[in-house]
Every structure is written in structure tokens, then in C-alpha cells.
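Count along the sequence shown from 1, then add 10; that gives the number in this note's numbering. All C-beta atoms in this analysis are idealised placements derived from N, C-alpha and C, irrespective of residue type, glycine included.
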Amino acid sequence: MFYLVKVLIGRQALSLDRLFDYYSFEELKPGMRVLVPFGNSKETIAFIMEVKEIDKELSEYEKINDIKLLKVIKTIDSQPLLDSSLLDLAKDVSKYYQCDLIKVINTFLPPALKNKSSSLNKQMVQYKDYVFALEKDEEELNTNEKRLYKKLLNYKTGLKKSEITANKSLKNLVDKGYAIIKSIKVSHIPEIALKYYPEVTLLPEQEQCVLEVLNGEDKVYLLEGVTGSGKSEIYLELAKRMLEKGKSILLLVPEIVLTDQLANKFYYYFKDTVSLLHSSLSEKRKYEEYERILSGEAKVVIGTRSCIFSPLVNLGLIIIDEEHSSSYKQDNQPYYSAITIALMRKEKQDCKVLLGSASPRIIDKCKAENGIFHPLYLNKRYSANQDKDLLIIDMNDSNNYLPSSSSLISKPLFEEIKRTIEKKEQVMLLLNRRGYAPMYQCRHCYSLATCPNCNIPLNYYKKDNELRCNHCGYHILADNYTCTCQEKDFMTIGYGTQRVYEDIRYLFPQAKIMRIDSDVSGFEKRHEIIESFAESDTDILIGTQIIAKGHDFKNVTLAAVLDADSSLRLPSYLANEETYDLISQFVGRTGRALKKGRVLIQTYCKDNKIIQLASKQDYTTFYKYEIEERKKSQYPPYTILALIIVRSPFKNRCYEVAEDIKNKILEEIKDKRFNLYGPSVPFISHRNGRFYQQLLLKYKVREEGEKVLASLKVLRMMNKDVDILIDVDPETEGI
């Protein structure tokens, strides 16, 4: 008797995207990593997908099947990293997103546990020696030994051995039985300074939502609640009641800066059962958090997109807050959506899913309207002023400009900021564009400074006097950049958050001003800025879309969108939806306490329907308008999209393969309800040294689309020098 072990080789190559057979006399389990011989390598990391007990002698089995099996060298893990439900989920994700299974498995795991040889060299578990005093009569001790002994008595949890310099006295204390040395595992999870949160009594409307989720037979619930209506209180109550039932909870938020705000509240109520997961954590902390979740010690997991794969034991509920956010969609392979994964996972683990938003995704609202999702509504704010003063400022009107000052801060906005600060209230300014200026233009030939890799305008960062490409990471000192006309005299065009910060600091020198965007380095720094603003230590907060989501600032009475048109210019069928979401969510940041809020929207399209509806937070009218537009143009939810991206260092090869893909798809979709667009050159045609082509596929039946996309695997095998990437349910129609 022996065990037939089917594994995925831990190398990302299309030819290896299948299971390989090995044998073991030791019982192994799916979900564990092992070392196996493969090709010319004596030891290769592999991931066990299946194990089958064979009631035959190894030699007999090999003879019957005319094969020669190699033996598993050794196991790496003492227990499975993924249980059977997550392994099944990984297979479904691989099929749905047309991505190699090993890539999907690696997406499920933290860096230290990925199926890569480099992960084996990472020492995640550390131990340190601590010295503990044992209570005993001091008669046998000399003066130096007594001094050290008394010091040790003060450290009830032990003193680090490395902090003790009196080595001889320490040795004597241990030899005489006055002290012991223990090796203790080092934790990289910091102790949380708990804040006090008063008990919250749910309003009848909130309690009704909780009961419907807990007692309803439906699996998916869409909670549509206006900003400030108390959605987080519902999440907290659901977590309490799920834990009472012995179930665990997974709570996703769209931005890292939101995790602490929510986690602090959950820590207060649930203490050590809470685990935090996001990309800014160190590798060692990610490893420890994963171990806590895997062991069942952590029962409430809070995090961003990737924590949807957390191996929670007895999962009862997945909550996705601000579910409209594009942050839940991964922008590289596998191009997964955390919402789609949650819906897949509910089938594997028999759990429920709650999607929450003030402005749900159009496709999810449509499902709720048609009875696929169970709709829930919160129409009243929990503890805030419903009414807001609204002013839409026409930036085409020269009367709105400040004389000889900022071209982005209008006269009405200047006056409102001034009044707000004088009343000791706070201001939030939104501009969804980072850097100092998006364009750096030659004063002689008027050419723009462009990225040599992507051929798009470089952003200017004044603080570092640097030009940067926000797509490939290319950067160069502005002083070192020479125009194609050989001149070095440039001017900046347009605004980014850094320039807004500079203008506001000039206009309001007495105010305390902070800026937050993805250029502000480090999670800790961003958290510090948010905390400072929440405590009213900052007068004005300037930021990108990071500040529009989920924050609860009691003293904010003025919220201003500086360029409301920017997201309308995106080459995407989602441009209207993303514009509405961004503005309406940001409008909800003001007037959250008893003070009345004021909203200013600066725009060059004053009469634009989307901007008008978003500024009023009229989601019902927006949904009716947008769903009709989608129906006319046959976009989701009326069709399914798949974006096929072709990239290569060689322009001709990129074009050739794109044409081959077109012909292959046309062959597959004969007499079927499909539309194919392209190949075409995307918005960014050359990035990071590679050329791009793209094709967009529209279809009605997902199973039919999966077959067509799967047929492209042949072309992937034939053209290994060219990347063929498939983005199912893309957030845009091009890159």
C-alpha cells in the first residue's frame, strides 16, 4: 500500500499548469507543500492538490499503469494551508479568470507560505531568551547576585537575556536555582491600545436589517444605506451574534487607511479574536496573522481585497463595506474581484454575504431589483444632520476666479474655507490626482515631458524636483530632463494634490493643513494623518479618493470637490458610475454630527446630469438613468465582458499574436451571441518597455464565454514569447 500524491509544481509556466504524480508511504493531505524531484532539479517545491490511498504494491501499480513514480522527498508543512473548500475555490477561480492554478494558489497565501523556493529561506518564527526570577530566600547570594535578583523580581513577564550585562551573576542565579531562562516566541503583532466605545442601541430600522440577515434563507444581501446611516453598527452587531453562534466573520474595507478605524472598534468588543490583514503589514506579521486565522484563534478578520482568501474556520458571514469601490478589483493576474470571490465562497462554505454601500454597483443593484440578492435599506442617518447647503461652481465663469492667485481655488470656495476655519470647523478638499502637476511642458516647442517606457506625460513632483511615471515607476530629476528640442526650460500645467496643498498653504497661512494620497509613504504616516484630522488637530485635509470613503469625521462641515469632471474623462463604461460614487461618497463626509454641512462642487460641466445627481446624493434617479444607458449600449449587467491583453517587447509580434487571437475567437464564436472588438491600440500603447494590443469580448452566457477564452490556451502555448492576459469582468474597456 502507498499514497498517490498529485501536486502542482511551484513554478509559473503554462506547460506546468497540470497535476504531476508522486508517491509517498507517509499519509499526506491536500493543501500541504512538499519537496519533490522535478526535471533537473533535485528538490522543487510543490503543492498537494489530491491524495489517494492505493491498495497495491508500488511496483505492481507502476507495472499496470506503465509509469514510473518518483517519491515525495519531504513535507514542508505540518498541516494543510488550505482546506478542501478553499482548494475547490481555487480551482473555480482559476477557471473563471482563466489563470494558471499555481498563480491562484499563491494569491491565496501570504508571502512566507507561497509555492516558491525563496519562501523556504524566510525565517518567520523567532525566539528570544527571557530570564524569570524564582521566589527563594536570598541568603546564598552575594551583593551582585542580590542586585540582579531583585531586578528580575520586578519583571513578572521576564527580562530579555540580551538586556542583562552581568553574565556571571546571571549564571550563578541559574545554577543556584534562583532564576530560569525560557525561550519565548517573538510576536510581531503589536498590542492594541484599546479605545473606549460606548454601547450602541440599534434603531428599529437597523435591528430589522440584522434580523433579516441572520434569519433569512437568502445567501446574499445588499444593504443600501445613505452615508451616516449606521452601517458599521449593523456590521458590529452581526459579528456579535455570529460569534455567539460559533461562526467566524470576514469584513472587507476598500482602503488600508480604513482598516484601523474599524479594527479599533472591533478590538474593543472582541479583543484577541480579531485579526488584521492588508498589504502594508510586514511579511512576519502577515505570517503570524495567517497562522492565527488558520488555527481558529482569530475569528474576526478585517482587511482589504486580498483577505477575502483568509482560511477562516467555520465561516458564517462575509461583509464587504463600500462595495461599490473599484479597489476590490485586482489590477494584475489573476484579475479577480473580491466581491466575485465572496459570492463563489458562499457556495463552498455555506456562509452568507452582506454587501454594503450608499451607492451600490449598478450590477448589484440590478440583481437586488430582480430578486437575485436580498435588498436591505437604511434611509435615515444615524446621528447626523440630513440637510446640506449645496453650491455647484461653474469654473468656466471668470468671475469665480481669485485675482492673481490659485486657478483651482475659486472665489466662493475661498470664502467658504475662510468662514469654516474661523468657526473652528474642518474642511476636506478632494482632487483625485496626485503629484504637483500632471504635465511638464517645454516653453520653447511646447512638447510635453514623456515617459521613455510608456510614451505618456510625466507627472511633476515639486518637493523632490522629480518627474515620475505613475504607470511604470520611471523617474528622473527635473533638472536632468532635456526636451527633444534640446532646451531645458519648462513650465507646469494642471494640478495635483501637492500643488493644491501649496496654494492652500499660501492662502491660509495660519491654518494647519495635511495632505494624504498614495504618495504619502507608509501606512503609519497615513494613519497618523487620519488620526490627527479625526481629533480635530488639523483644519484642512487635502486628498485623493482615499479620503472619500468610509471616514467619520464629526467636525467636518465643508467638503469641496475641486475638479468634478476628472473621472468622467475615463475611457470606460463605468465612468458615470465611478464619478457618481466618488462625488456622492465624498459629499457624505460632511454634516455627520449636529452641525449642518456645506458642499461645493467645482466643475467645467455645470449642467452634467451625473454631477448634478451625485452632488444631491440622488442614487435612485442615477440608477434609473444609468441602467437604461447600459441597456442601450449592451454593457453589464446586460452582457459579460472579457478584456484580452497582448503584450510583447516587439511591436510586430504583439500585433501578429493579437490578429491570431482575433481569428481564433471568430472561429469559436460562429453562430453564437458574441461581439468582438479589436485588436486595437489601448490608451497606453507602450509601457515599461513592452507594446500592447487589446481585444474586448462581449457575450451573454458565461459558460459559453469560458469555453471561448479557454480555447486561447493553445495560442498561449504556441507563443511563449508573448504574454496573453485575460481580464474577466474588467473595470475598464482598456488599459
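When the Cα atoms are used, N442 and P448 turn out to be separated by approximately 12 angstroms. Assignment of Y629 by DSSP, reduced to helix, strand and coil, places it in the helix class. Among the bridge pairs identified by DSSP, L29 is matched with none.
Note that the C-beta distance between Y446 and G504 is not below 7 angstroms.
Assigned with DSSP and collapsed to three states, Y411 falls in strand.
The count of Cβ pairs closer than 8 angstroms, one atom from the segment 424-432 and one from the segment 580-595, stays below three, leaving the stretches out of contact. Per the Cβ contact rule, the segment 452-465 is not in contact with the segment 405-422 (fewer than 3 Cβ pairs under 8 angstroms). At the C-beta level, P344 and Y107 come within 7 angstroms of one another. Between L213 and D331, the alpha-carbon positions lie close to 20 angstroms from each other.
Under the DSSP assignment, D374 falls in the alpha helix (DSSP H) whose first and last residues are I372 to E379. The secondary-structure analysis by DSSP pairs R525 across a beta bridge with I552. DSSP places A668 in no beta strand (DSSP E) but in the uninterrupted alpha helix (DSSP H) bounded by K661 to E678. A direct Cα-to-Cα measurement between F57 and N125 gives close to 7 angstroms.
When C-alpha distances from N324 are compared across D93, Y137 and L735, the shortest belongs to D93. Assigned with DSSP and collapsed to three states, G226 falls in coil, not helix or strand.
Counting along the chain, Q271 sits inside the alpha helix (DSSP H) bounded by residues I266 to F280.
In terms of Cβ geometry, T600 and I620 do not form a close pair [threshold 7 angstroms]. S420 carries a strand assignment under DSSP once its states are collapsed to helix, strand and coil. By the neighbour-count definition (other C-beta atoms within 10 Å, threshold 16), A459 is a buried residue. Secondary structure note for N469: it is in no alpha helix (DSSP H), and the uninterrupted beta strand (DSSP E) holding it is N469 to Y471. When the five nearest sequence neighbours on each side are left out, the beta carbons in the same chain lying within less than 8 angstroms of the beta carbon of T314 are those of L262, V263, P264, E265, I266, T269, L287, H288, S289 and S337, in order along the chain. In the DSSP assignment, F693 falls outside any beta strand (DSSP E) and carries neither an H nor an E. One Cα belongs to G20, the other to P90, and the distance between them is close to 16 angstroms. In this structure, the beta-carbon distance from V310 to I259 falls below 7 angstroms. Rounded to whole angstroms, F48 and K62 show a C-alpha spacing of 20 angstroms.
About 12 angstroms separates the CB atoms of I675 and V656; that is not less than 8 angstroms, and the two are not in contact.
Of the residues I55, L68 and L18, the one whose Cα lies closest to the Cα of S34 is L68.
DSSP links H384 through a beta bridge to Y231. Relative to Q508, the option among N490, K375, Y629 and N475 whose CA is nearest is N475. Our two residues, G553 and K522, have alpha carbons roughly 15 angstroms apart in a direct line.
Non-local beta-carbon contacts of F424 in its own chain, meaning distances under 7 angstroms to residues more than five positions away in sequence, involve L412 and L517 in chain order. By the C-beta density criterion, I679 is buried, having at least 16 other C-beta atoms within 10 angstroms.
The alpha carbon of D489 has as its nearest neighbour, out of H481, Y470 and C479, the alpha carbon of Y470. For M42, there is no enclosing beta strand (DSSP E), since its DSSP letter is neither H nor E.
Here D573 is buried: its Cβ has 16 or more other Cβ atoms, across all protein chains shown, within 10 Å. With contacts defined as CB atoms closer than 7 angstroms, I539 and I526 qualify as a contacting pair.
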